[in-house]
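Worksheet: the structure to be examined is printed underneath.
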Amino acid sequence: MTSGTDNPRRASYLRAAQPWQAELEQLRRIVLECGLTEEIKWGSPCFTVDGGNVAILAPMRDSCALSFFKGVLLKDPDGVLDRPGDNSRSGRLIRFTDVAGILAMEDTLKAYVNEAAELERAGAKVDFAADRDDIAVPDELKARLDGDREFRAAFEGLTPGRRRGWIIHFSGAKRASTRASRIEKAAPRILAGKGMHDR
9 MTSGTDNPRR ASYLRAAQPW QAELEQLRRI VLECGLTEEI KWGSPCFTVD GGNVAILAPM
69 RDSCALSFFK GVLLKDPDGV LDRPGDNSRS GRLIRFTDVA GILAMEDTLK AYVNEAAELE
129 RAGAKVDFAA DRDDIAVPDE LKARLDGDRE FRAAFEGLTP GRRRGWIIHF SGAKRASTRA
189 SRIEKAAPRI LAGKGMHDR
């Protein structure tokens, strides 16, 4: 983690963020004008309040975005927030394809950034329990859990978020053989108590 507006990693990130360099620079300016602290996390400019993550810049293939870590808590009166993916529970983002669109929304963006910062200062939390069990466990995983007590104990010992991540990964395969293969490949990591994205 590195902080500071003159960070060479930040400058390098923005230079490499083609074709969205100009758009990301405008988004960065807007967020910094709201008084957030800029740090480099996950290789990207990340904006924090009192050490808590508030927003991050996100270049994508067909757009770029300002992404809010706890965006689901924002009021969104203008209806501009999108889910990054079908299984996104907390994060929300606003997509852009040109600088003009960003400048036209500058006041709205500042209002959303300020609201997100206030939520972070207040210690607001996302209630993940509400949708913890909304994903069906695939039959192949049920069979593995039923047939391997050590695997079941390890899987049930994972945090709810890690279990959910694995279920989403396994369920994403259309064919039963692919789901079974994914479970087999993941087994050593699950037995080691790791989630999909743990190292």
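Residue numbers for the sequence shown follow my numbering, beginning at 9 and rising by one. All C-beta atoms, glycine included, are put in the ideal place defined by N, C-alpha and C. If you're wondering where the values come from, they're calculated on a predicted model, not measured in any experiment.
Residue i vs residue j beta-carbon contact at 8 Å
i, j, result
"Val134", "Val80", "yes"
"Ala25", "Pro92", "no"
"Phe57", "Glu128", "Going by the sequence as given, residue 57 is Val instead of Phe. Yes, they are a contact pair."
"Arg100", "Leu65", "no"
"Ser98", "Lys78", "yes"
"Leu2", "Gly201", "What is shown of the chain runs 9 to 207, which leaves residue 2 out entirely."
"Val107", "Glu31", "yes"
"Val62", "Ala119", "no"
"Leu82", "Leu89", "yes"
"Arg187", "Ile143", "no"
"Asp70", "Thr116", "no"
Segment limits, beta strand (DSSP E) that includes residue i
i, result
"Ala63", "Gly60 to Pro67"
"Pro53", "Ser52 to Val57"
CB contact check: residue i to chain D, cutoff 8 Å
i, result
"Leu81", "This model lacks chain D altogether; it includes just one protein chain."
Where the alpha helix (DSSP H) containing residue i begins and where it ends
i, result
"Val145", "From DSSP, Val145 is part of no alpha helix (DSSP H); its letter is neither H nor E."
"Lys280", "For residue 280 there is no data in the structure shown, the boundaries of the chain being 9 and 207."
"Arg36", "Gln29 to Glu41"
"Arg171", "Pro168 to Ser179"
"Gly165", "Arg157 to Gly165"
"Ala195", "Ala184 to Leu199"
Beta-carbon contacts of residue i that lie in its chain and below 7 Å, excluding the five residues immediately before and after
i, result
"Trp28", "Pro67 and Cys72"
"Arg160", "Leu153"
"Val145", "Ile175"
"Ala184", "Glu148"
"Ala181", "Arg187 and Arg190"
Contact set for residue i: own chain, Cβ-Cβ below 6 Å, skip 5 residues either direction
i, result
"Ile198", "Ala162 and Phe163"
"Arg207", "none"
Beta-carbon contacts of residue i that lie in its chain and below 8 Å, excluding the five residues immediately before and after
i, result
"Leu111", "Gln34"
"Lys193", "none"
"His177", "Arg190, Ala194 and Met204"
"Thr13", "Only weak support is given to the placement of Thr13: the predicted model assigns it a pLDDT of 48, under 50, and the value that follows is read from those uncertain coordinates. Result list for Thr13: Leu40 and Glu46, in chain order."
"Pro196", "none"
Inset, instruction - Could I get the ranges of all uninterrupted alpha helix (DSSP H) runs contained in the segment 77–143, with 4 residues as the minimum, in chain order? - result: Counting only runs of 4+ residues, the alpha helix (DSSP H) found wholly inside the segment 77–143 occupies 107–112 and 114–129, in chain order.
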